[in-house]
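Have a look at the structure below, then the notes.
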């Protein structure tokens, strides 16, 4: 008589060779015809994001049948438990017709774990152009163990035939047993595969972090290459194809072309997307460690409470405990590695910010140097203007109609009466240098306009509404007028300081 029974549910894509969920559950709930001591079934079913069942999800009737026949709680299929990151629960069921209800009829357990892995389309949950592709690996396990070793295991798996095949291979030794002495032996084998899945998850995100590190190193190498090209291969004095300044190039000295050609371009958005997924990965590992702790506690409690049923399973119990401790040790190592990935990625983000800041600072230095050169040219022009300003003023002043040269000969040919001529022209005609008696008009207009201009400039420099928008309405009018119109610099500075204190007080 065969001691095993395998049932395989369909994947989401309805892969060939796998039966539908209805067929699998019908066979799983029926008593085995061959008296198999170990029954194993796989289904691939999940809820949509809105909590509605999609293809292959058990109907309410099927969920109720699993509860009635095997004692599987219908809450296992609820949205809360299906969306839970991880949990583990166990329950003892007494014989229904026992007088004291103290005899164990069956022991059931529920397990759920989530694993987040880096994926590529078409298996990913997110397209590459919209972010970092990823996928969730979902595992749900129900077990039912009865005294005598009869065991039923239902695995809800969302990772397709590869994981189902691996779990089936791991559980194969149990199918050759006449009875399963320790009900938690199943979890020792299932967790062996799930630990492998967690390892793949951590390494998949490690590859994403490593990509950022490689990109940084490649950018640094490119910058080094450009530096060597600029330093060693640019001919002396040849800057036709270079953005460097026009001064002579010193061999071995890099020019500003490096900063223009290879600016750092970190992908901050992608970095933060990967960081978000690694945080999820770390969370899943932490919850998985808690789940194993719960399994160990429930296993110890079951062994202590039902020692009479397990008196012949000492070796199996010992090996199961050792397996749990080993799996927990693996997960703790993966958890530390995931935390290290968070730190490495955080370091890359900080370094990217520093590299961009450093590059911008170098560019700013180059701009400052160019500005300094322009400033020197401006100073030269201003100095030349200052040199010619006095003579220009004199020319402008004496070219006005207030000054003129008049000939000493009248229109009728007679000699003028102004006195002796001040000069004699080339045509021997004597002339006089004359200043208008209304020359005072020039000073009457020039001096007040100069004073008004200086005053307006002083007011504009000392007070502006844009400088103190809040103090505009709150400060005393006398204080504002003093800051604007006081002729003494020290008083204006005191008033401005008072306005600044008022504004700071309003901000606080």
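Residue numbers (this note's numbering): 10 to 517. We put the CB at the ideal spot given by N, CA and C, even for glycine.
Helix, strand or coil: how does DSSP classify residue i here?
{"i": "residue 374", "result": "helix"}
{"i": "residue 149", "result": "strand"}
{"i": "residue 79", "result": "helix"}
{"i": "residue 395", "result": "helix"}
{"i": "residue 319", "result": "coil"}
{"i": "residue 447", "result": "coil"}
{"i": "residue 457", "result": "helix"}
{"i": "residue 497", "result": "coil"}
{"i": "residue 366", "result": "helix"}
{"i": "residue 389", "result": "helix"}
{"i": "residue 68", "result": "coil"}
{"i": "residue 382", "result": "helix"}
{"i": "residue 409", "result": "coil"}
{"i": "residue 357", "result": "helix"}
{"i": "residue 325", "result": "helix"}
{"i": "residue 502", "result": "helix"}
{"i": "residue 274", "result": "coil"}
{"i": "residue 465", "result": "helix"}
By the DSSP assignment, the beta strand (DSSP E) with residue i in it spans what residues?
{"i": "residue 101", "result": "95-103"}
{"i": "residue 277", "result": "It is not in any beta strand (DSSP E) - residue 277 instead sits in the alpha helix (DSSP H) that spans 277-314."}
{"i": "residue 120", "result": "113-127"}
Compute the distance between the beta-carbons of residue i and residue j, then report whether it is under 8 Å.
{"i": "residue 153", "j": "residue 184", "result": "no"}
{"i": "residue 414", "j": "residue 442", "result": "yes"}
{"i": "residue 209", "j": "residue 126", "result": "yes"}
{"i": "residue 451", "j": "residue 411", "result": "yes"}
{"i": "residue 347", "j": "residue 211", "result": "yes"}
{"i": "residue 221", "j": "residue 343", "result": "no"}
{"i": "residue 354", "j": "residue 294", "result": "no"}
{"i": "residue 158", "j": "residue 189", "result": "yes"}
{"i": "residue 72", "j": "residue 86", "result": "yes"}
{"i": "residue 361", "j": "residue 95", "result": "no"}
{"i": "residue 76", "j": "residue 200", "result": "no"}
{"i": "residue 488", "j": "residue 508", "result": "yes"}
{"i": "residue 350", "j": "residue 113", "result": "no"}
{"i": "residue 47", "j": "residue 164", "result": "no"}
{"i": "residue 329", "j": "residue 308", "result": "yes"}
{"i": "residue 333", "j": "residue 197", "result": "yes"}
{"i": "residue 121", "j": "residue 93", "result": "yes"}
{"i": "residue 496", "j": "residue 365", "result": "no"}
{"i": "residue 300", "j": "residue 97", "result": "yes"}
{"i": "residue 160", "j": "residue 182", "result": "no"}
{"i": "residue 468", "j": "residue 279", "result": "no"}
{"i": "residue 523", "j": "residue 281", "result": "Nothing about residue 523 can be reported from this structure: the residues present for the chain run from 10 to 517 only."}
{"i": "residue 151", "j": "residue 81", "result": "yes"}
{"i": "residue 166", "j": "residue 338", "result": "no"}
{"i": "residue 49", "j": "residue 180", "result": "yes"}
{"i": "residue 65", "j": "residue 32", "result": "no"}
Which partner residues does residue i have in the DSSP bridge list?
{"i": "residue 441", "result": "415"}
{"i": "residue 143", "result": "127"}
Just curious, the alpha helix (DSSP H) that residue i is in, first and last residue?
{"i": "residue 37", "result": "30-38"}
{"i": "residue 92", "result": "88-92"}
Curious, which full-length beta strand (DSSP E) runs of at least 3 residues does the segment 147-225 contain? 159-166
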